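Numbering (our numbering), first residue to last: 16 to 242. We treat Cβ as the ideally placed atom computed from N, Cα and C, and that holds for glycine. Everything numeric in this text was worked out from a predicted model, so none of it was measured. Written below as structure tokens is the structure these notes are about.
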Amino acid sequence: MQSRLFTYLAALALTVTVCLPHTAAASLILNFDDVKASYNTGVLPAGYNGFTWTESGVKGDQWGVVDITYYQNSLLNKFDFPSNPNAVTNRSVTGLGAPEVAIASSTPFNFEGAYFGTWTWLNTTNLYGATSLTVTGKQGDKVVGTATFDLKPGPLVWQKLDFQNIDTLIIDAKGLGLWGQNFLMDNFTYDIAGPVSSPVPIPATALLLGSGLLGLALLRRREKCPA
Numbered sequence: 016m017q018s019r020l021f022t023y024l025a026a027l028a029l030t031v032t033v034c035l036p037h038t039a040a041a042s043l044i045l046n047f048d049d050v051k052a053s054y055n056t057g058v059l060p061a062g063y064n065g066f067t068w069t070e071s072g073v074k075g076d077q078w079g080v081v082d083i084t085y086y087q088n089s090l091l092n093k094f095d096f097p098s099n100p101n102a103v104t105n106r107s108v109t110g111l112g113a114p115e116v117a118i119a120s121s122t123p124f125n126f127e128g129a130y131f132g133t134w135t136w137l138n139t140t141n142l143y144g145a146t147s148l149t150v151t152g153k154q155g156d157k158v159v160g161t162a163t164f165d166l167k168p169g170p171l172v173w174q175k176l177d178f179q180n181i182d183t184l185i186i187d188a189k190g191l192g193l194w195g196q197n198f199l200m201d202n203f204t205y206d207i208a209g210p211v212s213s214p215v216p217i218p219a220t221a222l223l224l225g226s227g228l229l230g231l232a233l234l235r236r237r238e239k240c241p242a
């Protein structure tokens with residue numbers, strides 16, 4: 016009986032020590048719906064949500080914000096954005112789609128993915144619409160991950176990328192003509208990168224509890240043993 020009790024308590028101590036649940040970071044989603052967009056293309060505020068949003072094609076220009084009313088009424092498209100009323104675009108207020116744009120942060124982040132689509136009229140890619148994107152996640156000069164995918168007319172499509180611990184996201188757009196690099200993005204999903212942990216982390220409180228239970232088991236066994 017004593018041996019069985021000792022075995023049970025020791026197993027309980029080990030279980031409590033290594034099997035407590037661990038909380039994962041919650042995803043954050045930027046849907047850009049809090050930005051006041053113009054009927055055509057507004058400007059995403061500098062430093063929006065702590066990120067630096069830049070266009071390499073037009074010096075000093077910011078990303079654009081397009082509202083669904085303009086996209087449906089003026090361009091005669093029937094589909095919605097994943098989160099209405101706004102989506103962001105590399106189409107600046109100058110009317111040009113920068114071929115390369117970047118999203119940077121002083122704090123490392125994990126980029127899960129976003130919805131992407133091309134610039135369309137009558138649900139058909141026009142001469143200003145991007146036909147493919149190459150998305151690259153970098154940490155300093157190191158490339159963490161990259162992916163290339165096509166953009167087709169119709170609803171924006173979710174692209175799951177899972178770039179971990181990056182500080183810069185670069186999006187390179189290819190299109191049909193001289194200014195054919197316009198694309199749309201919505202529901203930018205990410206979380207703040209944390210320190211790298213062991214596969215099975217052992218919290219200090221759980222370790223202390225497990226050690227206490229194991230000590231109690233040893234003490235009880237000692238008291239029951241004959242002198």
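Check your understanding: Can you round the beta-carbon distance between residue 44 and residue 203 to whole angstroms, since I take them to be within the 8 Å contact cut?
Key -> Taking the sequence shown and counting its residues from 1, the one referred to as residue 44 is at position 29. Taking the sequence shown and counting its residues from 1, the one referred to as residue 203 is at position 188. Contact flag correct, Cβ pair sits at about 7 Å.
Check your understanding: Does the beta-carbon distance from residue 88 to residue 135 come in below 8 Å?
Key -> Translated into positions along the sequence shown, residue 88 becomes position 73. Translated into positions along the sequence shown, residue 135 becomes position 120. Annotated as distal: residue 88 and residue 135, with beta-carbon spacing of 8 Å or more.
Point to revise | Close beta carbons around residue 79, own chain, < 6 Å, minus the five adjacent residues each side | key: On the sequence shown, residue 79 is found 64 positions in, with the first residue counted as 1. Around residue 79: 56, 104, 106 and 107.
**Study point:** Unbroken alpha helix (DSSP H) run spanning residue 196, endpoints
**Key:** Looking up residue 196 in the sequence shown gives position 181. Residue 196 -> no alpha helix (DSSP H), and no H or E assigned at all.
Exercise for review: Flag this pair as yes or no: are the beta carbons of residue 168 and residue 130 separated by less than 8 Å?
Suggested key: Translated into the one-based positions of the sequence shown, residue 168 becomes position 153. Translated into the one-based positions of the sequence shown, residue 130 becomes position 115. Cβ distance not < 8 Å, so residue 168 and residue 130 don't count as in contact.
Review point. Mind checking whether residue 163 and residue 117 have CB atoms under 8 Å apart?
Key: Residue 163 sits at position 148 when you count from the first residue of the sequence shown. Residue 117 sits at position 102 when you count from the first residue of the sequence shown. Taking 8 Å as the Cβ cut-off, residue 163 and residue 117 do not qualify as a contacting pair.
Point to revise | Uninterrupted beta strand (DSSP E) stretches inside the stretch 130-215 (no shorter than 3 residues) | key: Counting whole runs of 3 or more residues, the stretch 130-215 contains the beta strand (DSSP E) stretches 145-154, 157-165, 172-190 and 198-207.
Practice item. Taking only beta-carbon positions, decide if residue 53 is within less than 8 Å of chain B. Key: Among the protein chains of the structure shown there is no chain B, as only one such chain exists.
**Study point:** C-beta atoms of residue 195 and residue 145 nearer than 8 Å
**Key:** Locating residue 195 in the sequence shown gives position 180, counting from the first residue. Locating residue 145 in the sequence shown gives position 130, counting from the first residue. The answer is yes: Cβ separation under 8 Å.
**Study point:** Straight-line gap, residue 173 to residue 148 (C-alpha atoms, nearest Å)
**Key:** Along the sequence shown, read from residue 1 onward, the residue named residue 173 stands at position 158. Along the sequence shown, read from residue 1 onward, the residue named residue 148 stands at position 133. C-alpha separation (whole angstroms): 13 Å.
Check your understanding: What are the start and end residues of the beta strand (DSSP E) that includes residue 101?
Key -> Position 86 of the sequence shown, counted from the start, is the residue given in the question as residue 101. Note, residue 101: beta strand (DSSP E), 101-104.
Check your understanding: Using the C-alpha atoms, what's the distance from residue 155 back to residue 49?
Key -> Here residue 49 refers to the residue found at position 34 when the sequence shown is read from its first residue. Here residue 155 refers to the residue found at position 140 when the sequence shown is read from its first residue. Rounded to the nearest angstrom, the two C-alpha atoms are 30 Å apart.
**Study point:** Exposure of residue 186, with buried meaning 16 or more beta-carbon neighbours within 10 Å
**Key:** To locate residue 186, count along the sequence shown from 1; it is residue 171. Label assigned to residue 186: buried.
Exercise for review: Per DSSP, which residues does residue 79 bridge with? Please list them.
Suggested key: Residue mapping note: residue 79 aligns to position 64 of the sequence shown, counting from 1. Partner(s): 58 and 104.
Exercise for review: Spell out the partners DSSP gives residue 112 in its beta bridges.
Suggested key: Counting from 1 along the sequence shown, the entry for residue 112 is found at position 97. Among the bridge pairs identified by DSSP, residue 112 is matched with 106.
Review point. Under a Cβ-count criterion, where at least 16 other Cβ atoms within 10 Å of its own Cβ denotes burial, should residue 165 be classed as buried or exposed?
Key: For the purposes of this step, residue 165 is taken as the residue at position 150 of the sequence shown. Looking at its Cβ environment, which holds fewer than 16 other Cβ atoms inside 10 Å, residue 165 is exposed.
Exercise for review: Out of 69, 190 and 52, point me to the one whose CA is closest to residue 86's CA.
Suggested key: On the sequence shown, position 71 is the one that residue 86 refers to. Taking only the C-alpha atoms, the option nearest residue 86 is 52.
Check your understanding: What are the boundary residues of the beta strand (DSSP E) that includes residue 90?
Key -> The count along the sequence shown starts at 1 and reaches residue 90 at position 75. Boundaries cannot be given for residue 90, as no beta strand (DSSP E) includes it and DSSP labels it neither H nor E.
**Study point:** Nearest residue (CA-CA) to residue 208, options 123, 100 and 68
**Key:** For the purposes of this step, residue 208 is taken as residue 193 along the sequence shown, with counting starting at 1. The residue with the shortest Cα to Cα distance from residue 208 is 123.
Review point. Can you tell me whether DSSP reads residue 46 as helix, strand or coil?
Key: Mapped onto the sequence shown, residue 46 falls at position 31. In the structure shown, the three-state DSSP call for residue 46 is coil.
Check your understanding: Roughly how many angstroms separate the alpha carbons of residue 62 and residue 141, rounded to a whole number?
Key -> To locate residue 62, count along the sequence shown from 1; it is residue 47. To locate residue 141, count along the sequence shown from 1; it is residue 126. Residue 62 and residue 141: Cα-Cα distance of roughly 31 Å.
Exercise for review: Alpha carbon to alpha carbon, how far is residue 121 from residue 66? Give it in angstroms, no decimals.
Suggested key: Translated into the one-based positions of the sequence shown, residue 66 becomes position 51. Translated into the one-based positions of the sequence shown, residue 121 becomes position 106. Each residue's Cα considered, the two are about 8 Å apart.
**Study point:** Rounded straight-line distance, which links the Cα of residue 189 to that of residue 206
**Key:** For the purposes of this step, residue 206 is taken as the residue at position 191 of the sequence shown. For the purposes of this step, residue 189 is taken as the residue at position 174 of the sequence shown. Each residue's alpha carbon lies about 28 Å from the other.
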